[in-house]
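Below: one structure, written as structure tokens.
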Amino acid sequence: MEPISLDTLIAELLEKAEGTNAARAARTLHGGSGHALRQTVIALLAGADLSDHEGPGEATVQVLRGQVRLTMPGEEGSAVDCAAGDLLVVPDAVHGFEAVTDAVVLLTVAMVEQPSSRAAEQSSNRVAR
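In numbering that gives the first Met the number 0, the protein residues as written are 0 to 128.
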């Protein structure tokens, strides 16, 4: 077990983001296939975004540097600005992120099967028998 210097990683990812057309860079620190938890550090240059998407499970975003805006399309007044030091529970709905300033976030996702999809799978298994 080795500690990870977030300060060093933040600097590396912001530099990497500057060299991409998408103006963003990311590195998964923990998790992936076979893990129940995934943690990814994402750097976005000011104005860069993660377009509207649905997450794979319960998630939080901790802003490590800068300022980001979470948006939920179709919901009036649903933009939330977060700054370094803020922690946000990401809603289980279609959402997007935009970097208001150069920003770095730690995205933590619980990679567990959602109860509604589990119930649907069990129901379809009963019908198939």
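Yeah, the Cβ is synthetic: ideal placement off N, Cα and C, and Gly gets one too.
Computed from a predicted structure; not experimentally measured.
| Check | Outcome |
| --- | --- |
| Assess, as a yes-or-no matter, whether the region 9-23 is touched by the region 81-91 under the definition of 3 or more beta carbon pairs within less than 8 Å. | no |
| Starting from the N-terminal side, write out each stretch of the beta strand (DSSP E) that is 3 residues or longer and does not extend beyond the region 22-52. | 23-29, 36-43 and 48-52 |
| Just to confirm the assignment, what range does the beta strand (DSSP E) spanning D80 have? | V79 to A82 |
| Measure the C-alpha to C-alpha separation of G65 and I3 and round it to an integer number of angstroms. | 20 Å |
| Is DSSP giving A109 helix, strand or coil here? | strand |
| If you run the structure through DSSP and keep just helix, strand and coil, what is E1? | coil |
| Cβ of I9 within 9 Å of Cβ of V60? | no |
| So what's T70 in DSSP terms, helix, strand or just coil? | strand |
| How is the beta strand (DSSP E) around G95 delimited, first residue to last? | H94 to A98 |
| What is the residue span of the beta strand (DSSP E) that T19 lies within? | Counting along the chain, T19 falls outside any beta strand (DSSP E), and DSSP gives it neither H nor E. |
| Taking the straight line between their C-alpha atoms, what separation do you get for A102 and L86? | 14 Å |
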